[in-house]
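What follows is one structure encoded as structure tokens, with my remarks underneath.
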Amino acid sequence: MIRLIDVHKRFGDNVVLDGVDFDVQRGETVSLLGPSGVGKSVLLKHVNGLINPDWGEVFVDGELVPLLPRKELQELRTKIGYVFQFGALFDSMSVFENIKLGITDPACAGDDHFCRMRVQECLDLVNLSPVTAEKYPADLSGGMKKRVGIARAIAGRPTYLLYDEPTSGLDPVNADIIDALIQKLQGELGVTSVVVSHDVRGSFRVGNRIALLTEGKIRKVGTPDELRDSDDQAVRQFLERDFGSAVVG
Amino acid sequence: MTEERWRLSQAYRIPLEGAEKLDLRRWAGRMFLLGATHMGRVAYMIFEIIRGLKDWRIWLPRTWEQSYQVGVGSLFIVFLTAGFAGGVTSLQAGYQFTGTIPVYFAAGVITQSLILELGPVLTGLILAGRVGARYAAELGTMRVTEQIDALESLGRSTVSHLIIPRVLAGILMLPVLVIFADVVGITSGWLAARHTLEITNYDFVYGARYFFRPYDLWYSLLKSVFFGVAVTLVPCYMGMNTGKGAEGVGKATTAAVVSSSVLILAMDAILSELLL
Numbered sequence: 394m395i396r397l398i399d400v401h402k403r404f405g406d407n408v409v410l411d412g413v414d415f416d417v418q419r420g421e422t423v424s425l426l427g428p429s430g431v432g433k434s435v436l437l438k439h440v441n442g443l444i445n446p447d448w449g450e451v452f453v454d455g456e457l458v459p460l461l462p463r464k465e466l467q468e469l470r471t472k473i474g475y476v477f478q479f480g481a482l483f484d485s486m487s488v489f490e491n492i493k494l495g496i497t498d499p500a501c502a503g504d505d506h507f508c509r510m511r512v513q514e515c516l517d518l519v520n521l522s523p524v525t526a527e528k529y530p531a532d533l534s535g536g537m538k539k540r541v542g543i544a545r546a547i548a549g550r551p552t553y554l555l556y557d558e559p560t561s562g563l564d565p566v567n568a569d570i571i572d573a574l575i576q577k578l579q580g581e582l583g584v585t586s587v588v589v590s591h592d593v594r595g596s597f598r599v600g601n602r603i604a605l606l607t608e609g610k611i612r613k614v615g616t617p618d619e620l621r622d623s624d625d626q627a628v629r630q631f632l633e634r635d636f637g638s639a640v641v642g
Numbered sequence: 124m125t126e127e128r129w130r131l132s133q134a135y136r137i138p139l140e141g142a143e144k145l146d147l148r149r150w151a152g153r154m155f156l157l158g159a160t161h162m163g164r165v166a167y168m169i170f171e172i173i174r175g176l177k178d179w180r181i182w183l184p185r186t187w188e189q190s191y192q193v194g195v196g197s198l199f200i201v202f203l204t205a206g207f208a209g210g211v212t213s214l215q216a217g218y219q220f221t222g223t224i225p226v227y228f229a230a231g232v233i234t235q236s237l238i239l240e241l242g243p244v245l246t247g248l249i250l251a252g253r254v255g256a257r258y259a260a261e262l263g264t265m266r267v268t269e270q271i272d273a274l275e276s277l278g279r280s281t282v283s284h285l286i287i288p289r290v291l292a293g294i295l296m297l298p299v300l301v302i303f304a305d306v307v308g309i310t311s312g313w314l315a316a317r318h319t320l321e322i323t324n325y326d327f328v329y330g331a332r333y334f335f336r337p338y339d340l341w342y343s344l345l346k347s348v349f350f351g352v353a354v355t356l357v358p359c360y361m362g363m364n365t366g367k368g369a370e371g372v373g374k375a376t377t378a379a380v381v382s383s384s385v386l387i388l389a390m391d392a393i394l395s396e397l398l399l
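In order, the protein sequence lines correspond to chains A and B. Per the working numbering, the very first residue in the first sequence carries number 394; after that it's consecutive. Per the working numbering, the very first residue in the second sequence carries number 124; after that it's consecutive.
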């Protein structure tokens, strides 16, 4: 379970998070919506300790993330797969080596046969052909990079998956493929997921619950239906921009 | 001052009233804090490097890779620089050694200046440009494209994967390159001296051996170890702390080359004072 309590974060004079309370139950997928630059990615990076809060508490599986010693933090991170906005693939390594780096168990990572099997399995899960393993990130399209990023994140069989804008910059067809993939992974692997996005349609499709982050705070959390029926002006305004009157009205 | 004016001044870089006046105390204070912050971070990085040495299974294979790139990759430019340095030293010795000074003194000047100064310092400065710029740009690009965050999010140590192999490669390879530089520099100096000073082989060897002390070689190698740290640790630090975007990478690369070059010159002065 992921829980953020009264989290504050500022960069210089820019207040990004101003008292965020947010929780994700085991096995569910929560979509975190909000306008660009509101701090969604910053919030997500608090969960695996890439950023520490100025104030407030971040718990994952009952562990207080900002206070974890280095070794324990590394162990916790092996349980959390992180899909980066632009893939963040290691460009000097092949796709195979990238995904292999995601196998976090040292015993398994040392077994070459296991690694080959696991990489193929992960490529298969994200609908990529085995030939992709030998390619380099520079040879891949944007959608393929995102899928390799997901394959790397799931290679270590994580308990949690954090997606940072998984469909941004993709055409609608590829965005739908990624959304379907997130749903498939949740169904097949049973992982707990947080999907950060400003794509309202995709978020409503993949999320069991939706949270809206505006002005440094979680404005509203609820099921997709609860958000659609919300009277909150800010929520309606945000949803109207993507769905139009057909959904909100 | 209203908040609105402050925001406008920040957004459009409009100087505030009195801001154009240079406040030396404030400037000095800022510079001191900035320097202290960098020193603290570098010290922490060194501490992390020492702590990460136990993960030898991770850094050892990568160290060989980096050593090959630093060592073999730099051979040509090091040979070229040392060859010219030896030749020019010899030509200038030919210009200055006239009259009553025995000609074998020139051999001592050529070999000693190459072993004590030109070999290590020129090799260090060349590597600050070649390897330092590369490391800062590589790690800086990895930082801005979130590859370093990705490595950390996989529970991997960035120090063991990225920093230790690079720093060790510098520490291992710079002394080796300095030995090559010394050999090439002295050889080219010898060949040039035969032409400019008309020195015999016997006189050259006699002069070189007359002034040579084994300690000079150790001093040269010790200096190159320090320079190896300077040309790798500083660029790694700059790369890991790169600002945003391509501009950030460019700034980090420039800062890395300038800082490591200055550090080499400063270390050269300090080590000469302490060890000679």
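Positions of the beta carbon are idealized from the N, C-alpha and C atoms, including for glycine. None of the values given here were measured: they were computed from a predicted structure.
What first and last residue would you give for the alpha helix (DSSP H) that runs through residue i?
{"i": "Ser383 (chain B)", "result": "Gly368 to Leu398"}
{"i": "Gly152 (chain B)", "result": "Leu147 to Gly175"}
{"i": "Leu295 (chain B)", "result": "Ile287 to Thr319"}
{"i": "Phe477 (chain A)", "result": "Unbroken run through Phe477 (chain A): none, as it is neither H nor E."}
{"i": "Asp272 (chain B)", "result": "Gln270 to Ser276"}
{"i": "Val216 (chain B)", "result": "According to the sequence displayed, residue 216 (chain B) carries Ala and not Val. Residues Trp179 to Gln219."}
{"i": "His439 (chain A)", "result": "Lys433 to Val440"}
{"i": "Val541 (chain A)", "result": "Gly535 to Ile547"}
What does residue i pair with, by DSSP beta-bridge criteria?
{"i": "Asn364 (chain B)", "result": "According to DSSP, Asn364 (chain B) bridges with nothing at all."}
{"i": "Tyr338 (chain B)", "result": "Bridge partners of Tyr338 (chain B): none, in fact."}
{"i": "Leu606 (chain A)", "result": "A:Ile611"}
{"i": "Phe452 (chain A)", "result": "A:Arg396 and A:Leu457"}
{"i": "Val587 (chain A)", "result": "A:Val423 and A:Leu555"}
List, in order along the chain, the chain A residues whose C-beta lies closer than 7 Å to that of residue i?
{"i": "Gln270 (chain B)", "result": "Ala481 and Phe483"}
Please list, in chain order, all residues of the same chain as residue i whose beta carbon is under 6 Å from its beta carbon, the five residues on each side excluded.
{"i": "Leu344 (chain B)", "result": "Pro298"}
{"i": "Trp448 (chain A)", "result": "His401"}
{"i": "Tyr329 (chain B)", "result": "Tyr227"}
{"i": "Gln235 (chain B)", "result": "Phe334"}
Can you list, in chain order, the residues of its chain whose CB lies under 7 Å from that of residue i, leaving out five sequence neighbours each side?
{"i": "Val380 (chain B)", "result": "Ala251, Gly252, Gly255 and Ala256"}
{"i": "Thr319 (chain B)", "result": "Ser213, Leu214 and Gly217"}
{"i": "Gly535 (chain A)", "result": "Gly562 and Leu563"}
{"i": "Gly210 (chain B)", "result": "Ser311, Gly312 and Ala315"}
Note down, in chain order, every chain B residue with its Cβ under 9 Å from the Cβ of residue i.
{"i": "Arg550 (chain A)", "result": "Those do not exist, as Arg550 (chain A) stays about 13 Å from chain B at its closest Cβ, beyond 9 Å."}
{"i": "Tyr553 (chain A)", "result": "Correct list: empty, because the minimum Cβ distance to chain B is about 11 Å."}
{"i": "Phe415 (chain A)", "result": "Per Cβ cutoff of 9 Å: no residues; Phe415 (chain A) is ~19 Å from chain B at best."}
Strictly below 8 Å CB to CB, what residues from chain A border residue i?
{"i": "Gly163 (chain B)", "result": "Here the premise fails: no neighbours, minimum Cβ distance about 17 Å."}
Using only the alpha-carbon positions, how far apart do residue i and residue j sit?
{"i": "Gly495 (chain A)", "j": "Ile547 (chain A)", "result": "7 Å"}
{"i": "Lys402 (chain A)", "j": "Gly432 (chain A)", "result": "9 Å"}
{"i": "Asn324 (chain B)", "j": "Leu176 (chain B)", "result": "48 Å"}
{"i": "Val408 (chain A)", "j": "Leu460 (chain A)", "result": "22 Å"}
{"i": "Val641 (chain A)", "j": "Leu554 (chain A)", "result": "At Val641 (chain A), the pLDDT of 43 sits below 50, so the modelled position is not reliable and the matter cannot be decided from this model."}
{"i": "Gln467 (chain A)", "j": "Thr497 (chain A)", "result": "10 Å"}
{"i": "Arg336 (chain B)", "j": "Glu269 (chain B)", "result": "51 Å"}
{"i": "Arg266 (chain B)", "j": "Glu456 (chain A)", "result": "27 Å"}
{"i": "Gly242 (chain B)", "j": "Ile181 (chain B)", "result": "33 Å"}
{"i": "Ser190 (chain B)", "j": "Leu295 (chain B)", "result": "7 Å"}
{"i": "Gly308 (chain B)", "j": "Leu443 (chain A)", "result": "49 Å"}
{"i": "Val645 (chain A)", "j": "Thr422 (chain A)", "result": "This structure gives no information on residue 645 (chain A), because the portion of chain A shown stretches from 394 to 642."}
{"i": "Thr281 (chain B)", "j": "Val599 (chain A)", "result": "33 Å"}
Taking Cβ positions only, does residue i come closer than 9 Å to chain C?
{"i": "Gly152 (chain B)", "result": "In summary, chain C is missing from the structure at hand, where the protein chains are A and B."}
For residue i, return the contacting residues in chain B, with the cut-off set at a CB-CB distance below 8 Å.
{"i": "Gln467 (chain A)", "result": "Gly278, Arg279 and Ser280"}
{"i": "Thr471 (chain A)", "result": "Leu277 and Gly278"}
{"i": "Tyr556 (chain A)", "result": "None at all; the shortest Cβ gap to chain B is about 12 Å."}
Give the residues of chain B in contact with residue i, contact being defined as C-beta atoms less than 7 Å apart.
{"i": "Gly495 (chain A)", "result": "Leu277"}
{"i": "Leu443 (chain A)", "result": "Asp272, Glu275 and Ser276"}
So the beta strand (DSSP E) residue i belongs to, where does it begin and stop?
{"i": "His401 (chain A)", "result": "Ile395 to Phe404"}
{"i": "Lys528 (chain A)", "result": "From DSSP, Lys528 (chain A) is part of no beta strand (DSSP E); its letter is neither H nor E."}
{"i": "Asn407 (chain A)", "result": "Asn407 to Val417"}
Leaving aside the five residues before and after residue i along the sequence, list all residues of the same chain whose C-beta is less than 8 Å from its C-beta, in chain order.
{"i": "Ser638 (chain A)", "result": "Residue placement at Ser638 (chain A) is poorly supported in this model, since its pLDDT is 47, which falls under 50; the coordinates still yield a value, given next. Closer than 8 Å at the Cβ level, and outside the excluded window around Ser638 (chain A), lies no residue."}
{"i": "Pro551 (chain A)", "result": "Thr471, Lys472, Ile473, Gly474 and Val584"}
{"i": "Cys359 (chain B)", "result": "Met168, Tyr258, Ala259, Leu262, Leu285, Ile286, Arg289 and Val290"}
{"i": "Ile387 (chain B)", "result": "Val244, Gly247, Leu248, Ala251, Phe350, Ala353 and Val354"}
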